[in-house]
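Quick mapping for you: the protein sequence lines, in order, are chains B and G.
Residue 1 is where the first sequence starts when you use UniProt numbering, and the numbers rise one by one after that.
Residue 1 is where the second sequence starts when you use UniProt numbering, and the numbers rise one by one after that.
Cβ coordinates follow ideal geometry from the N, Cα and C atoms, glycine included.
Protein chains: 2
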Amino acid sequence: MTEKKARTPRSRPARQWPSMADVAALAGVSSQTVSRVSNNRTNVDAATREKVLAAMKTLGYRPNTAARALVTGRFGAIGVISFDVGAHGNARTLGAVADAAREAGFSINFMGVRAQTEAAVQEAFQHLMLQSVDGIVLIESQMLDTTSLHLPPSMPVVVADGDAGHAYANVDFDQALGAHSAVTHLLGLGHRTVWHLAGPRDSFAARRRTESWRTTLEAAGAPLPEVLHGDWSAESGYRVGQELAARPEVTAVFTANDQMALGLMRALHEAGRRVPQDVSVTGFDDMSEAAFFQPPLTTVRQDFDLVGRHCVRLLLDQIEGRSDGPRRMAVEPALVVRGSTASPARG
Amino acid sequence: MTEKKARTPRSRPARQWPSMADVAALAGVSSQTVSRVSNNRTNVDAATREKVLAAMKTLGYRPNTAARALVTGRFGAIGVISFDVGAHGNARTLGAVADAAREAGFSINFMGVRAQTEAAVQEAFQHLMLQSVDGIVLIESQMLDTTSLHLPPSMPVVVADGDAGHAYANVDFDQALGAHSAVTHLLGLGHRTVWHLAGPRDSFAARRRTESWRTTLEAAGAPLPEVLHGDWSAESGYRVGQELAARPEVTAVFTANDQMALGLMRALHEAGRRVPQDVSVTGFDDMSEAAFFQPPLTTVRQDFDLVGRHCVRLLLDQIEGRSDGPRRMAVEPALVVRGSTASPARG
DNA sequence: GGCACAGGTGTTTACGCAAACATCATTCGG
DNA sequence: CCGAATGATGTTTGCGTAAACACCTGTGCC
């Protein structure tokens, strides 16, 4: 391993990848010409290009991204920070961002954040900030606080499904519209009012859904019931559902996501209250399972793929210096009516 | 990318990050000393180290991973290739691998693969192979064909939830045990035989579950019904469920995952066949919603976190040259009995 | 007091690539 | 037919880091 010659080769791990110099030697050109071919520059003779490409193939050459990043200052990578990917919406958004990024020639540097604490988000940022990404997408970032994250102003950031009040570019569903359509649907069926099983208090998406629920009820002159909070999980929906099931005046519930709606319906069923005959339930997300719940769930469909594409587009705008594009984008959700909602029983 | 236009778009961005040299200048030491501090070497005087750390903090210094990777040949990154992250199991595994990797100081380079074709997997590999990762984890990789993937032998690879027959290290659930326990549970309840709603034909995990179902039935001397295939989705479970519901002899179904079981139960319900009184149903995965299905699903729980940790461990063994560790690991699943299974009605 | 030795630090070099610049051969307008 | 513009290629340089090596100082030992 360690040879003791005059100017010895280094005792590094043996070179397993050919470099531009190797390709250049085989093709009988300079390494710069190899670089030009590698980067698809136009000013290379067709015959020369062929020679180089052949040599690349022979040696199995692949450009070294580290060296390229070092010299260009660009990494071809987008960082994605997300909370629990076990949550349906987060996973879908991640997948959509990844797809869109790949189409744009970027890879995804993923950081999962377990705890919803600011320190955890901070740490994730710090990791990604080691200059190894060109920009960052933050999914479900209710803890985001602009002032405490020491981001260099030059680091492009897009927030998906988060607070629209901060300084970063933002892509989100039109939560207000989604909540409004669900609540209006229920009121239109003849319910006197609509209860609300909300998401966690520190989620902006959840808060916006709650606000829209409130204003819709107020506009309709319906009484405003107390808000009950879950944590997005089916289990929390079940717990809250047990409380709601105990109140006979509850005939309609607008739930902030599908998973909680599932738990809610389970609790109602166990308490002997039928959905939709006794209680109507709506969800939010339209996860792929929602159509097969018992009963099939009326819910608000979100187009996660579109969100992913928008995120990447806004991020690339920043990365490539096109800051004239829109900084905030909203994706319109659509109400999907299924079997979990009906007119209240005449009682 | 014909960027024939102006020669300007490639102008190098202004230096926005301080380098070692900047820190060294401020601290009044050589850049090599900064390097030593940065890498936590011991042979640095305590006072000097303090000076350097202070300078780093003042300048907001962060080591440049590209430069470090260039010189060390290591990237501190693990590539993860996964199919649809909308599928519960894949998302959970991804999250677990990401967590385990972060604990080990590695970041995750994620590549989603839309189409389950060999070409798509190939392309994902090629992307990751641009030397930007130290190893690769492949999730749900039924299409994996060792001979056609041109991996350098030195690229560490671990396959999760895939074929145990190939040359790569492997972490998987003990599918046979899981299927066996579910089928045995159903037979033990008094069912004459157990039908099987299987996963896609090209999934090794699905095939192993099917095989184990078959051998368990044979060992019990139970008749062997025809196998019906879904594609993991609730929708496919619903379609197959309509067929099964039409056969009165079906009293118990072992389903290859929870989502299909949901669709199946929906179809049974619509056909007027009650679960579990008329038909018992088991799932596989124990997704967090399964306990709130109607009825709550008896299923086989998989510990995805453990799989993720094992994957990272096996991968690090290879990356760091410790190839003496185990190359294959199995994680034991556990049967969770809930309300979707019961003894057949005396008919 | 000399001498080996170790710990602390600085100097040089190379990693692989692409930008900037240099060189040479063409082509074309007048 | 000359001089300038254009195109194809080679040469030099530097990105930020860590390894290898050189060089100091002080210490302990005889």
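Task: Among B:Val29, B:Val157 and B:Leu94, nearest to Gly321 (chain B) - alpha-carbon criterion - done: Taking the first sequence and counting its residues from 1, one reaches residue 321 (chain B) at position 321. Checked all of B:Val29, B:Val157 and B:Leu94; the closest Cα to Gly321 (chain B) is B:Val157.
- [ ] Mind listing the chain G neighbours of Ile108 (chain B)? Cutoff is C-beta to C-beta under 9 Å, in chain order.
- [x] Sequence index remark: in the first sequence, residue 108 (chain B) carries index 108 (1-based). Chain G residues near Ile108 (chain B): Ile108, Asn109, Phe110, Met111 and Gly112.
Open item on the list: Using DSSP's beta-bridge definition, name the partner residues of Asp285 (chain B).
Closed with: As a first step, residue 285 (chain B) must be located in the first sequence, where it is residue number 285. The partner list for Asp285 (chain B) (beta bridge, DSSP) reads B:Arg301.
Task: For Ala271 (chain G), the three-state DSSP class (helix, strand or coil) - done: Sequence index remark: in the second sequence, residue 271 (chain G) carries index 271 (1-based). Coil.
Open item on the list: If I follow the unbroken alpha helix (DSSP H) through Val34 (chain B), where does it start and stop?
Closed with: For the purposes of this step, residue 34 (chain B) is taken as the residue at position 34 of the first sequence. Ser31 to Ser38 is the span of the alpha helix (DSSP H), which, as asked, contains Val34 (chain B).
TODO: Could you tell me whether any Cβ in chain B is nearer than 8 Å to the Cβ of residue 354 (chain G)?
DONE: Not covered by the structure: residue 354 (chain G). The range shown for chain G is 1 to 347.
- [ ] Let me know the secondary structure DSSP gives Thr117 (chain B) once reduced to three states.
- [x] Here residue 117 (chain B) refers to the residue found at position 117 of the first sequence. Reduced to three states, the DSSP call for Thr117 (chain B) is coil.
TODO: Could you tell me if Gln302 (chain G) is buried or exposed, where buried requires 16 or more neighbouring beta carbons within 10 angstroms of its beta carbon?
DONE: Indexing the second sequence from 1 puts residue 302 (chain G) at position 302. Under this definition Gln302 (chain G) is a buried residue.
- [ ] Return yes when the C-beta of Gly308 (chain B) is under 7 Å from any heavy atom of the ligand MG, and no when it is not.
- [x] For the ligand MG, the structure offers nothing, since it holds no ligand at all.
TODO: State the Cα-Cα distance for the pair Arg239 (chain B) and Leu264 (chain B), rounded to the nearest angstrom.
DONE: On the first sequence, position 239 is the one that residue 239 (chain B) refers to. On the first sequence, position 264 is the one that residue 264 (chain B) refers to. If I take the Cα positions, the gap works out to 8 Å.
TODO: Pull up the CB-CB distance for Ala104 (chain G) and Leu316 (chain G), whole angstroms please, since I reckon it's below 8 Å.
DONE: Taking the first residue of the second sequence as 1, we reach residue 104 (chain G) at position 104. Taking the first residue of the second sequence as 1, we reach residue 316 (chain G) at position 316. Going by Cβ atoms, the distance from Ala104 (chain G) to Leu316 (chain G) rounds to 6 Å, so yes, they are a contact pair.
- [ ] State yes or no: is the beta carbon of Arg36 (chain B) nearer than 8 Å to at least one beta carbon in chain G?
- [x] Position 36 of the first sequence, counted from the start, is the residue given in the question as residue 36 (chain B). Not one chain G Cβ lies under 8 Å of Arg36 (chain B).
Task: Backbone secondary structure at Asp231 (chain B) - three-state DSSP - done: Residue mapping note: residue 231 (chain B) aligns to position 231 of the first sequence, counting from 1. Asp231 (chain B): coil per DSSP, three-state reduction.
Task: Backbone CA spacing between Ser343 (chain B) and His269 (chain G) [nearest angstrom] - done: Start at 1 with the first residue of the first sequence, and residue 343 (chain B) comes out as number 343. Start at 1 with the first residue of the second sequence, and residue 269 (chain G) comes out as number 269. Cα to Cα, the separation comes out at about 22 Å.
- [ ] Indicate whether Gly241 (chain G) and Arg266 (chain G) have their beta-carbon atoms separated by less than 8 Å.
- [x] Sequence index remark: in the second sequence, residue 241 (chain G) carries index 241 (1-based). Sequence index remark: in the second sequence, residue 266 (chain G) carries index 266 (1-based). Yes, Cβ-Cβ distance for Gly241 (chain G) and Arg266 (chain G) is below 8 Å.
Open item on the list: Residues of the UniProt domain "HTH lacI-type" (18-72) of chain G in Cβ contact with chain B at a cutoff of 7 Å, in chain order, please.
Closed with: Arg62, Pro63, Asn64, Thr65, Ala66, Ala67, Ala69 and Leu70
Open item on the list: Once the 5 residues before and after Thr93 (chain B) are set aside, which same chain residues still bring their CB inside 7 Å of it?
Closed with: In the first sequence, residue 93 (chain B) corresponds to position 93, counting from 1. If we look at Thr93 (chain B) and ignore the five residues flanking it on each side, its Cβ neighbours are Ile139, Ala160, Asp161, Phe304, Val307 and Gly308.
TODO: Mind checking which residues open and close the beta strand (DSSP E) that includes Ser82 (chain G)?
DONE: One-based indexing of the second sequence puts residue 82 (chain G) at position 82. Where Ser82 (chain G) is concerned, the enclosing beta strand (DSSP E) stretches over Ala77 to Ser82.
TODO: Give the straight-line distance between the Cα atoms of Thr33 (chain G) and Val44 (chain G), rounded to the nearest whole angstrom.
DONE: Within the second sequence, numbered from 1, the residue matching residue 33 (chain G) stands at position 33. Within the second sequence, numbered from 1, the residue matching residue 44 (chain G) stands at position 44. Each residue's Cα considered, the two are about 7 Å apart.
- [ ] May I ask you to list, following chain order, the residues of the stretch 274-288 of chain B that have a beta carbon less than 7 Å from some beta carbon of chain G?
- [x] Among the residues of the stretch 274-288 of chain B, those with a Cβ less than 7 Å away from any Cβ of chain G are Ser288, in the order of the chain.
TODO: Give the straight-line distance between the Cα atoms of Val80 (chain B) and Ser212 (chain G), rounded to the nearest whole angstrom.
DONE: Taking the first residue of the first sequence as position 1, residue 80 (chain B) is located at position 80. Taking the first residue of the second sequence as position 1, residue 212 (chain G) is located at position 212. Counting only the Cα atoms, Ser212 (chain G) lies some 39 Å from Val80 (chain B).
Task: Where Asp285 (chain G) falls, given that 16 or more other Cβ within 10 Å makes a residue buried - done: Stepping through the second sequence from its first residue, residue 285 (chain G) is reached at position 285. Buried, by the Cβ-count rule.
Task: Same chain, Cβ closer than 7 Å to Leu187 (chain G), neighbours up to 5 away in sequence not counted - done: As a first step, residue 187 (chain G) is located in the second sequence; it is residue number 187 there, counting from the start. Only Val194, Ala220 and Ala222 meet the Cβ criterion.
- [ ] For Leu262 (chain G), decide whether its Cβ has a neighbour in chain B, counting only Cβ atoms nearer than 8 Å.
- [x] Along the second sequence, read from residue 1 onward, the residue named residue 262 (chain G) stands at position 262. Yes, Leu262 (chain G) lies at the interface with chain B (some Cβ there is under 8 Å from its Cβ).
Open item on the list: If contact is defined by three or more beta carbon pairs under 8 Å, each pair taking one atom from either stretch, is the stretch 71-87 of chain B in contact with the stretch 122-130 of chain B?
Closed with: Yes, they touch.
TODO: Return helix, strand or coil for His331 (chain G), following the three-state DSSP convention.
DONE: Numbered from 1 along the second sequence, position 331 holds the residue referred to as residue 331 (chain G). Residue identity differs from the one stated: residue 331 (chain G) is Val in this sequence, not His. It is a strand residue.
Task: Sequence-distant residues of the same chain with beta carbon closer than 6 Å to Leu244 (chain G), five excluded per side - done: Along the second sequence, one-based indexing puts residue 244 (chain G) at 244. Cβ within range, chain order: Val250.
Task: Proximity winner among B:Phe75, B:Ala206 and B:Ala47, relative to Gly89 (chain B) (alpha-carbon distances) - done: What you label residue 89 (chain B) is simply residue 89 of the first sequence in a count that begins at 1. Ranking B:Phe75, B:Ala206 and B:Ala47 by Cα distance to Gly89 (chain B) puts B:Ala206 first.
Task: CA-to-CA distance, Ala182 (chain G) to Met260 (chain B), given in whole angstroms - done: If you number the first sequence from 1, residue 260 (chain B) lands on position 260. If you number the second sequence from 1, residue 182 (chain G) lands on position 182. The straight-line gap from Cα to Cα measures roughly 28 Å.
Task: Buried versus exposed, by CB contacts within 10 Å (16 or more), Pro248 (chain B) - done: Stepping through the first sequence from its first residue, residue 248 (chain B) is reached at position 248. The residue in question, Pro248 (chain B), is exposed, as its Cβ has fewer than 16 Cβ neighbours within 10 Å.
- [ ] Could you check how far apart the C-beta atoms of Val300 (chain B) and Gly199 (chain B) are, in whole angstroms? I think they sit under 8 Å.
- [x] In the first sequence, residue 300 (chain B) corresponds to position 300, counting from 1. In the first sequence, residue 199 (chain B) corresponds to position 199, counting from 1. Val300 (chain B) to Gly199 (chain B), Cβ: 13 Å. No contact.
Open item on the list: I need the DSSP call for Met260 (chain B), collapsed to helix, strand or coil.
Closed with: The residue labelled residue 260 (chain B) in the question sits at position 260 within the first sequence. Met260 (chain B) falls in the helix class under three-state DSSP.
Open item on the list: With DSSP as the reference, identify every bridge partner of Leu314 (chain G), one or two as the case may be.
Closed with: The sequence position of residue 314 (chain G) within the second sequence is 314, counting from 1. None; Leu314 (chain G) has no bridge partner.
TODO: Return the Cβ separation of Gly339 (chain G) and Pro276 (chain G) in integer angstroms, given the expectation that the two are a contact with Cβ distance under 8 Å.
DONE: Position 339 of the second sequence, counted from the start, is the residue given in the question as residue 339 (chain G). Position 276 of the second sequence, counted from the start, is the residue given in the question as residue 276 (chain G). Contact between Gly339 (chain G) and Pro276 (chain G) holds, with the beta-carbon distance rounding to 7 Å and staying under 8 Å.
- [ ] Would you grab the beta carbon distance between Val312 (chain G) and Ala69 (chain G) for me? Rounded to a whole angstrom, and I think it's under 8 Å.
- [x] Residue 312 (chain G) sits at position 312 when you count from the first residue of the second sequence. Residue 69 (chain G) sits at position 69 when you count from the first residue of the second sequence. Contact doesn't hold; Cβ gap of about 19 Å is too wide.
Task: Assigned exposure category for Glu332 (chain G) - 16 Cβ within 10 Å defines buried - done: Position 332 of the second sequence, counted from the first residue, corresponds to residue 332 (chain G). Flag for Glu332 (chain G) reads exposed.
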